[in-house]
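Working notes for the structure below.
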Amino acid sequence: NSECCAPKTLTVDIQVVVKSWTIGIINRAVQLLIITYFIGWVFVNEKAYQVRDTAIESSVMTKVKGFGIYNNKVMDVADYVIPTQGASVFCIITKIITTENQVQGYCPEVTTKLFFSCSGIMTGKCVPFNTTIKMCEIQGWCPAEIDTIKTKNCLHNNFTIFIKNSIRFPTFNYTKGNFLTTITNDYIKHCNFDMVNNTYCPIFRVGDVVRYAQQNFTKLADKVESGGGVIGIKIGWICDLDKSDDQCNPSYSFTRLDAMSQKNAVSPGYNFRFAKYYKMENGTDYRTLVKAYAIRFDVLVNGNVIALVFSCTILPHPFKPLGKACYKYLI
178 NSECCAPKTL
188 TVDIQVVVKS
198 WTIGIINRAV
208 QLLIITYFIG
218 WVFVNEKAYQ
228 VRDTAIESSV
238 MTKVKGFGIY
248 NNKVMDVADY
258 VIPTQGASVF
268 CIITKIITTE
278 NQVQGYCPEV
288 TTKLFFSCSG
298 IMTGKCVPFN
308 TTIKMCEIQG
318 WCPAEIDTIK
328 TKNCLHNNFT
338 IFIKNSIRFP
348 TFNYTKGNFL
358 TTITNDYIKH
368 CNFDMVNNTY
378 CPIFRVGDVV
388 RYAQQNFTKL
398 ADKVESGGGV
408 IGIKIGWICD
418 LDKSDDQCNP
428 SYSFTRLDAM
438 SQKNAVSPGY
448 NFRFAKYYKM
458 ENGTDYRTLV
468 KAYAIRFDVL
478 VNGNVIALVF
488 SCTILPHPFK
498 PLGKACYKYL
508 I
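Residue numbering for the sequence shown follows my numbering, starting at 178 and increasing by one per position.
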């Protein structure tokens, strides 16, 4: 019988035991390092067991309130806030220099810069500026602007800024606003933001915002040649969606965004020009040119949220179902 005479295969497992304290310590040390890496870096530091969404979607609406005085005239928000639509970037005018009743024509320039005009196109002629001085003639809006006139600040530091911010994190379809559920209409009418007692009040005094940005309001608003500046109001949203919804709240910080302009004598501060146009009875157009020094406020929103990976498919979310938004992170 061929089967009984066929060779047999014998498998023998050999186990080698090396009795060495050095190799044993090295082996356990490597295992400990691997475990420490996963616990300390992957889980604790990087929070790899959570999904992070940094693609924040945000909308900001603003409203300024207060009254100022310029040339014995009371100014309201329609006079000193630009633009008036309540955007996330807006300017509050601090000083203005007006040139009234400008019409199209020919007139002498008021600057002494050669071969350059700030007010119109140079004609190449030299015409009398007054009884003793002649200046280059320009074609444009006349009379030419004189922007070296000293004016008083028309802004008061008690003006207030109302900010309404809504955010959404698309990965989790999570939405939130800077109005806490505990805020009431009566609270809004009387609160002003401060760093200690009213950290979630959405109404900010202009003077406080400038002070929190470590700036001097008087210097920022009144400085003759370099008045104005750019102040950033930053709203941060850092949330853990595995915790209660009440713990996801905004944090506010403030900074001067054009800080380098304080160290540079070239074009310091912040100013711009705009005009108001009118028409005479004979159909001639004329305008009032306004050079405005202003404090520009930029409302900047940033943030990110995290959530436990398994909460997407296994664990119930504490305040809203996440659906299949982060299932892709599990495969």
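We treat Cβ as the ideally placed atom computed from N, Cα and C, and that holds for glycine.
First through last residue of the alpha helix (DSSP H) which encompasses residue i
i, result
"residue 209", "198 to 213"
"residue 480", "Note, residue 480: premise wrong, no alpha helix (DSSP H); beta strand (DSSP E) at 462 to 485."
"residue 520", "Since the first residue of the chain shown is 178 and the last is 508, residue 520 is not available in this structure."
"residue 216", "Element bounds for residue 216: n/a, residue is neither H nor E."
"residue 364", "362 to 367"
"residue 395", "394 to 399"
Whole-Å CB distance - residue i paired with residue j, under 8 Å assumed
i, j, result
"residue 409", "residue 472", "About 11 Å; that fails the 8 Å criterion."
"residue 251", "residue 475", "Residue 251 to residue 475, Cβ: 28 Å. No contact."
"residue 216", "residue 469", "That belief does not hold up - the Cβ atoms of residue 216 and residue 469 are roughly 59 Å apart, past 8 Å."
"residue 287", "residue 319", "The pair is not a contact, with the Cβ atoms about 11 Å apart (cut-off 8 Å)."
"residue 344", "residue 381", "That belief does not hold up - the Cβ atoms of residue 344 and residue 381 are roughly 18 Å apart, past 8 Å."
"residue 467", "residue 336", "Contact flag wrong, Cβ pair sits at about 19 Å."
"residue 331", "residue 259", "Contact flag wrong, Cβ pair sits at about 14 Å."
"residue 389", "residue 431", "4 Å"
"residue 234", "residue 465", "The Cβ separation is near 41 Å, so there is no contact."
"residue 373", "residue 269", "Between residue 269 and residue 373 the Cβ distance is about 25 Å, and since that is not below 8 Å, they are no contact."
"residue 411", "residue 357", "Incorrect: roughly 19 Å between the Cβ atoms, too far for contact."
"residue 349", "residue 423", "At roughly 17 Å, the Cβ-Cβ gap does not stay under 8 Å, so residue 349 and residue 423 are not in contact."
"residue 283", "residue 300", "7 Å"
"residue 342", "residue 413", "In fact, because the Cβ distance is near 11 Å, the residues do not count as touching under 8 Å."
"residue 483", "residue 417", "6 Å"
"residue 509", "residue 264", "Look at the range of the chain in this structure, 178 to 508, and you will see that residue 509 is not part of it."
"residue 375", "residue 368", "5 Å"
First through last residue of the beta strand (DSSP E) which encompasses residue i
i, result
"residue 573", "Nothing can be reported for residue 573: it is not among the residues displayed for the chain, which extend from 178 to 508."
Assigned secondary structure, residue i (DSSP; H/G/I helix, E/B strand, else coil)
i, result
"residue 407", "strand"
"residue 343", "strand"
"residue 254", "helix"
"residue 412", "strand"
"residue 355", "coil"
"residue 230", "strand"
"residue 235", "strand"
"residue 312", "strand"
"residue 495", "Reliability fails at residue 495, whose pLDDT of 45 lies under 50, so the model's placement of it is uncertain and no value is given."
"residue 421", "coil"
"residue 501", "Unreliable placement is indicated for residue 501, whose pLDDT of 39 sits below 50; the coordinate value is still reported in the next sentence. Three-state DSSP puts residue 501 in coil, outside helix and strand."
"residue 299", "strand"
"residue 193", "coil"
"residue 506", "In this prediction, residue 506 scores a pLDDT of 39, lower than 50, which makes its location untrustworthy; the coordinate-derived value is nonetheless stated afterwards. Three-state result, residue 506: helix."
"residue 488", "Note that residue 488 has pLDDT 49, beneath the 50 cutoff, so the model's placement of it is unreliable and the number below is only indicative. Residue state, collapsed to three classes: helix."
Per DSSP, the bridge partner or partners of residue i
i, result
"residue 452", "466"
"residue 242", "337"
"residue 432", "409"
"residue 319", "280"
"residue 377", "In DSSP, residue 377 forms no bridge with anything."
"residue 304", "312"
"residue 447", "For residue 447, which the question treats as bridged, DSSP gives no partner whatsoever."
"residue 259", "268"
Proximity test, Cβ basis, 8 Å: residue i and chain B
i, result
"residue 280", "In the structure shown, chain B does not exist; there is a single protein chain."
Cβ contact check for the region 194 to 209 and the region 311 to 324: 3 or more pairs under 8 Å: no
Is it a yes or a no for the region 448 to 461 touching the region 299 to 307, going by three-plus beta-carbon pairs under 8 Å? no
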